[in-house]
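Chemist: This is the structure, below, for whatever I ask next.
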Amino acid sequence: MKVVVVESPAKAKTINKYLGSDYKVLASFGHVRDLPPKDGSVRPEEDFAITWEVEGRGAARIKEIAEAAKGADKLILATDPDREGEAISWHIQEELRSRKNLKSLPMERVAFNEITKRAVAEAIANPRQIDQELVDAYLARRALDYLVGFTLSPILWRKLPGSRSAGRVQSVALRIICERESEIEAFKAREFWSIEVVFKAPDGTVFTARLTHLDGKKLDKFDLPDEASAQAAAAKLRAGAPFTVANVERKTVKRNPYPPFMTSTLQQEASRKLGFGAAQTMKIAQRLYEGIDLDGETVGLITYMRTDGVTLSQDAIGAGRKLIAEQYGKEYLPDAPRIYKTVAKNAQEAHEAIRPSDLFRRPEQVKRFLRDDEFKLYDLIWKRTLASQMESAELDQVAVDIVTADKQQTLRATGSVVKFDGFLKLYQEDRDDPIDGEDENSRRLPAMKVGDQPQSQEVKPEQHFTQPPPRFSEASIIKRLEELGIGRPSTYTSILQTLEDRQYVRLEKRRLIPEDRGRLVTAFLTSFFDRYVQYGFTAALEEKLDDISGGRAQWKQVLREFWEDFSRLHQQDEETDKDTLPSMSDAVQFLDKGIGKRSIVIDVLNDMLAPHFFPNRGDGKDPRLCPACSQGELGIKLAKNGAFIGCSRYPECRYTVPLAVQTAETMDAAAAGPVELGKADDGVTPITLRKGPYGHYVQLGEGAEGEKPKRQSIPKEIVPNDVTIEQARKLLSLPRTVGDHPETKKPILAGIGRFGPYLQHDGKYKSIPKDDDVLTVGMNRAMEILSQESKGRGRGQAAPGKELGKDPASGEMVTQHEGRYGPYVKLGKVNATIPGSIEPSSLTLDQALSLISARAEKMAMDGGGKPKRGAKKAAPKKAAAAPGLSEDAAKAPKPAKKKAAAKKAPAAKKAVAKKATEKKSAA
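Numbered according to our numbering, the sequence shown spans residues 4 to 926.
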């Protein structure tokens, strides 16, 4: 018996079928051990010693693998064919080697790029040992991310309260997004005009031409800056007849096909063509890779989907050329195969591109076995792969110059005709931003020759304005990161997810917009750690990691060079001890001390972000003048729970508002202060309408000294400016007694809580539906709401939800809901969150089923969902080891409890060492 270890249970099931009864295939469920999320897991002062931890689910997997390996002849490590997969195999081998009864067990490493019977059999027949150089690169990457994250994050918490974390790669990606937003804010639109003339050719065909030369001089973009100059030019054209064709240019150009997909280009094109987010694309690709049931046989439909290579195997090229000749004809087949090479310097050329495992398995043949999103992605991959081996397209391009009678004005008409479609017959790439002139060149022009005199039909001056650079989409930020050499195929998705989870950016209409919190973090890092968030520095560090994986560098030396500079960035030369490397706690204190007081940070943030938070309003007023006292200056302030806007004359002036861009409307409203609606029932105490950080509310009086006055938030369905004194009195009277329950004789109360209007009876709560009014709901309706059966563990019954359609497998209805933590979909007992990359209003049944399936698989991996009370929490998953601390992170680790030092520090370091490093979570 031979034991094979793969990463996922779906893959284990497929491979077990291929290998037969002599093999037992187990899943590791990703990583089996990880860095403990606490200070000291990586110790620079001990030559970068690393402590690994196995617990929770990882411990259960190791135990299962060890038990199976006891009676095995051999252990075969078959994790994914990338650096992360190599590391997982290494971790498993290290853990098993530490057990006495498994030290002598033969262990081999195999890797296959596709899950097909042939590929698996070939890999098993050609085993190798673990590639230590790849493992060393992994160790260096994890140590770097840990050192940066666990050093910068505590400094952020101290100097910039409310910030979540900083990371080696995520911070650079955030900087790119924030700098683009600054470019957009600083952009000033510039007016310019163009002129087109509609002509009728001698054969009767109508076409248009654009003015290129005026008064014998070539027109630049801004040579017609306003309507007056445009109309003057138009007048010359109207008087310019007869028009004559002065020149006709014809040329044939070739367009070559695009390379096959790698991870980044697949994510980009799936976003543009299919509207898929990066995370969604990778989940679907994972299912296609791990195997789909085709008439009882589980088959991996595509090759491994985390790759930066664009090469194809000889078998794939041969199959593609044969299929092209059969399906499209020999004219679509180039004389020689097309060989692609990745442009990126850091590409892992040994990795093949993403392609179908069998090109003869056409999309239409497998469509009935696939979900809609799976079919769309497979179809995209199949077409791109086949098109990459097809003949180039040929286009006839024509440019016609037309002059006025005095030859002082020239117009140009351009167009193109597809002479031979080549690969365009099958595939054409979409683009976020069209190529200049592409629309014009795609027009077809009538046949004309020099001397022809087309008739002028209409002269059309057109006004234009320059446009700011577009915000990044998920596709374009991935492309930018790839161009800069930052990150790797396996990290792009987690980088974006981490930024959204930290609420540093938000995805709106498929565009990434930095939140104010994200801009504060970027301003802080670029001011005090600029070198370490520079694009070139981060890319150069990635190249060093590649050198490690290629055997050209030693991993601890790379760490030593980095830590020597980073840990002493703000340390004075006379304080530097060159003999030993600082510990992480020492480094945090050095850096924190070097930055200085928090007031310095506040001054820097105000200097950098004033144009954003206090934009010029165009009314001649100082945008930073306090609207309350008209004397102080508004600025960013830092408090325990985060940043806010406040007056410089505090405490004399206590004007504060939440951190947000200060517009004329918000400042005028703030200056107006509380609005008195009337008096309470006692005829004396005022009731006021106010606006706080969480919305509008009404308040009763000012409260006794040391006590908060009574307040009540205004329900969403009530417009704040329309609140009457009667409504305010009723709101302040909440919770009110609706009546006594006829059976229990206990009161039924109606009120507004943290999660909205509710009914309370006998210690139980029910949410009041949005169509009911908490101020007027009566006894009969209250009894009806309370009698409705509760679903789940929430206080109230979930709204019925939008029906998306029935699940083909179970026949149950799939519904969409708006929950406490955002939109989600539901099938039976499975609830799946709708990610920010998907617009809830456009969610399809297939997308919902995909999300539900992924959630169900995760619940199965976790042992059936939420842990029982008292149960030990599972270890962090592979992607959730140290969120925000590296680009691979997904969830924040729990802070470790502080431990007493094992021994006293040397006297020379006592002053530095006595202040312990913060152990806060990086969340």
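Beta carbons are placed, not taken as given, at the ideal position from N, Cα and C, and that holds for glycine. Bear in mind the structure is a predicted one, so any value in this text is a computation, not a measurement.
Which term fits Glu511, buried or exposed, when burial requires 16 or more other beta carbons within 10 angstroms of its beta carbon?
Modeler: In the sequence shown, counting from the first residue as 1, residue 511 sits at position 508. By the 10 Å Cβ count, Glu511 comes out exposed.
Chemist: Between the Cα of Ala408 and those of Leu240, Pro473, Thr779, spot the shortest distance and give me the residue it belongs to.
Modeler: Looking up residue 408 in the sequence shown gives position 405. Nearest option by C-alpha distance: Leu240.
Chemist: Would you kindly check if the distance between the Cβ of Cys632 and the Cβ of Arg652 is under 8 angstroms?
Modeler: Counting from 1 along the sequence shown, the entry for residue 652 is found at position 649. Counting from 1 along the sequence shown, the entry for residue 632 is found at position 629. Against a cut-off of 8 angstroms, the Cβ pair of Cys632 and Arg652 comes out as a contact.
Chemist: What residues in its chain sit with their C-beta under 8 angstroms from that of Gly43, if we drop five residues either side in the sequence?
Modeler: What you label residue 43 is simply residue 40 of the sequence shown in a count that begins at 1. Thr54, Met587, listed in sequence order.
Chemist: Given a threshold of 16 other Cβ atoms within 10 Å of its Cβ, counted over all protein chains shown, does Asp685 qualify as buried or as exposed?
Modeler: For the purposes of this step, residue 685 is taken as residue 682 along the sequence shown, with counting starting at 1. So Asp685 ends up on the exposed side.
Chemist: By a C-beta neighbour count over all protein chains shown, 10 Å radius and 16 as the cutoff for buried, is Asp576 buried or exposed?
Modeler: On the sequence shown, position 573 is the one that residue 576 refers to. Note that Asp576 has pLDDT 48, beneath the 50 cutoff, so the model's placement of it is unreliable and the number below is only indicative. Asp576 should be labelled exposed.
Chemist: So, are the CB atoms of Asp3 and Asp519 less than 8 angstroms apart?
Modeler: The structure shown does not extend to residue 3, since the chain spans only 4 to 926, so no value can be given for it.
Chemist: Which residue comes first and which comes last in the alpha helix (DSSP H) that contains Ala122?
Modeler: Walking along the sequence shown from the start, residue 122 turns up at place 119. Element bounds for Ala122: 120-128.
Chemist: I'd like the list of long-range same chain contacts for Lys547, defined as Cβ closer than 7 angstroms, with 5 residues on each side in sequence excluded.
Modeler: Position 544 of the sequence shown, counted from the start, is the residue given in the question as residue 547. Excluding sequence neighbours, Lys547 sits near Ala556, Val561.
Chemist: I think Leu641 touches Pro164, with their Cβ atoms under 8 angstroms apart; what is that distance to the nearest whole Å?
Modeler: Along the sequence shown, read from residue 1 onward, the residue named residue 641 stands at position 638. Along the sequence shown, read from residue 1 onward, the residue named residue 164 stands at position 161. Confirmed, about 6 angstroms.
Chemist: For a test of the three-state rule: what should DSSP assign to Asp743, helix, strand or coil?
Modeler: In the sequence shown, counting from the first residue as 1, residue 743 sits at position 740. Reduced to three states, the DSSP call for Asp743 is strand.
Chemist: Hey, how far is the Cα of Asp743 from the Cα of Lys749?
Modeler: Along the sequence shown, read from residue 1 onward, the residue named residue 743 stands at position 740. Along the sequence shown, read from residue 1 onward, the residue named residue 749 stands at position 746. Going by the C-alpha atoms only, they are around 5 angstroms apart.
Chemist: When the Cα atoms are used, what is the spatial distance from Leu662 to Tyr507?
Modeler: By one-based count along the sequence shown, residue 662 stands at place 659. By one-based count along the sequence shown, residue 507 stands at place 504. C-alpha separation (whole angstroms): 14 angstroms.
Chemist: Report the CB separation of Thr417 from Ala356 in whole angstroms; it is logged as a contact under 8 angstroms.
Modeler: Taking the first residue of the sequence shown as position 1, residue 417 is located at position 414. Taking the first residue of the sequence shown as position 1, residue 356 is located at position 353. Rounded, the Cβ-Cβ distance is 35 angstroms, inconsistent with contact.
Chemist: Tell me the rounded alpha-carbon separation between Asp218 and Arg387.
Modeler: Working through the sequence shown from its first residue, we reach residue 218 at position 215. Working through the sequence shown from its first residue, we reach residue 387 at position 384. Their Cα atoms are separated by approximately 49 angstroms.
Chemist: Can you list the alpha helix (DSSP H) stretches of 4 or more residues lying completely in the stretch 127-188, in chain order?
Modeler: List check, alpha helix (DSSP H) in window: 135-162.
Chemist: Please report the Cβ distance between Pro260 and Ser395, rounded to the nearest whole angstrom; I am assuming they are in contact, meaning their Cβ atoms lie under 8 angstroms.
Modeler: As a first step, residue 260 is located in the sequence shown; it is residue number 257 there, counting from the start. As a first step, residue 395 is located in the sequence shown; it is residue number 392 there, counting from the start. About 7 angstroms separates the two Cβ atoms, so the contact holds.
Chemist: Would you decide whether Met782 is buried or exposed? Buried here means 16 or more other CB atoms lie within 10 Å of its CB.
Modeler: Numbered from its first residue, the sequence shown carries residue 782 at position 779. Classification of Met782: exposed, given that the 10 Å Cβ count is below 16.
Chemist: Identify which residue in Arg522, Ile327, Thr747 has its Cα closest to the Cα of Asp338.
Modeler: Translated into the one-based positions of the sequence shown, residue 338 becomes position 335. Selected option, being the one with the closest Cα: Ile327.
Chemist: I'd like the span of the alpha helix (DSSP H) that includes Val209, first residue to last.
Modeler: In the sequence shown, the residue the question calls residue 209 occupies position 206. Segment 209-217 is the beta strand (DSSP E) holding Val209; no alpha helix (DSSP H) there.
Chemist: Quick one: complete alpha helix (DSSP H) runs, 4+ long, within the stretch 350-403?
Modeler: DSSP runs (the alpha helix (DSSP H)) wholly in the stretch 350-403: 366-369, 375-390.
Chemist: Could you tell me the distance, in whole angstroms, from the CA atom of Asn129 to the CA atom of Lys5?
Modeler: Along the sequence shown, read from residue 1 onward, the residue named residue 129 stands at position 126. Along the sequence shown, read from residue 1 onward, the residue named residue 5 stands at position 2. Approximately 15 angstroms between the Cα atoms of the pair.
Chemist: What residue does the alpha helix (DSSP H) around Met587 start on, and which one ends it?
Modeler: Position 584 of the sequence shown, counting from 1, holds the residue named residue 587. Segment 587-598, the alpha helix (DSSP H) holding Met587.
Chemist: May I have the straight-line CA-CA distance separating Lys901 from Ala863, to the nearest angstrom?
Modeler: Taking the first residue of the sequence shown as position 1, residue 901 is located at position 898. Taking the first residue of the sequence shown as position 1, residue 863 is located at position 860. Since pLDDT at Lys901 reaches only 39, below the 50 mark, its modelled position is unreliable, and the value read off the structure follows with that caveat. Using only the alpha carbons, I get a separation of about 35 angstroms.
Chemist: How big is the Cα-Cα spacing for Ala450 and Lys463?
Modeler: Within the sequence shown, residue 450 is the residue found at index 447, counting from 1. Within the sequence shown, residue 463 is the residue found at index 460, counting from 1. Using only the alpha carbons, I get a separation of about 23 angstroms.
Chemist: Measuring alpha carbon to alpha carbon, tell me which of Leu177, Asp382, Gly822, Gly88 ends up nearest Ala114.
Modeler: Indexing the sequence shown from 1 puts residue 114 at position 111. Answer by Cα proximity: Gly88.
Chemist: Determine the contact status of Val660 and Phe647, defining contact as a CB-CB distance below 8 angstroms.
Modeler: Here residue 660 refers to the residue found at position 657 when the sequence shown is read from its first residue. Here residue 647 refers to the residue found at position 644 when the sequence shown is read from its first residue. Cβ distance < 8 angstroms, so Val660 and Phe647 count as in contact.
Chemist: For Ser419, write down the residues that DSSP places opposite it in a beta bridge.
Modeler: The residue labelled residue 419 in the question sits at position 416 within the sequence shown. Partner(s): Gln400.
Chemist: Starting from Ala836, follow its DSSP beta bridges and name the residues at the other end.
Modeler: On the sequence shown, residue 836 is found 833 positions in, with the first residue counted as 1. The question names Ala, yet the displayed sequence has Thr at residue 836. DSSP lists Tyr827 as partners of Thr836.
Chemist: Can you tell me which of the three DSSP states Ser790 falls into?
Modeler: Taking the first residue of the sequence shown as position 1, residue 790 is located at position 787. Reduced to three states, the DSSP call for Ser790 is helix.
Chemist: Using the Cβ count rule (16 or more neighbours within 10 Å means buried), how would you classify Arg371?
Modeler: What you label residue 371 is simply residue 368 of the sequence shown in a count that begins at 1. Exposed, because fewer than 16 other Cβ atoms sit within 10 Å of the Cβ of Arg371.
Chemist: Look up Asp37 in the DSSP assignment and say whether it is helix, strand or coil.
Modeler: Within the sequence shown, the letter at position 34 stands for residue 37. Strand, per DSSP.
Chemist: Rounded to whole angstroms, how far is the Cβ of Lys428 from the Cβ of Tyr331, which I believe are closer than 8 angstroms?
Modeler: Your numbering for residue 428 matches position 425 in the sequence shown. Your numbering for residue 331 matches position 328 in the sequence shown. Indeed, because the Cβ distance is near 7 angstroms, the residues count as touching under 8 angstroms.
Chemist: Which residue comes first and which comes last in the alpha helix (DSSP H) that contains Met285?
Modeler: Here residue 285 corresponds to residue number 282 of the sequence shown, with the count starting at 1. Taken as a continuous stretch (DSSP letters only), the alpha helix (DSSP H) holding Met285 covers 281-293.
Chemist: Tyr149: which of Phe531, Phe565, Val828, Leu637 sits nearest, CA to CA?
Modeler: The residue labelled residue 149 in the question sits at position 146 within the sequence shown. Out of Phe531, Phe565, Val828, Leu637, Phe565 has the C-alpha closest to the C-alpha of Tyr149.
Chemist: Going by DSSP, name the residue or residues bridged to Arg46.
Modeler: Taking the sequence shown and counting its residues from 1, the one referred to as residue 46 is at position 43. Bridge partners of Arg46: Ala52.
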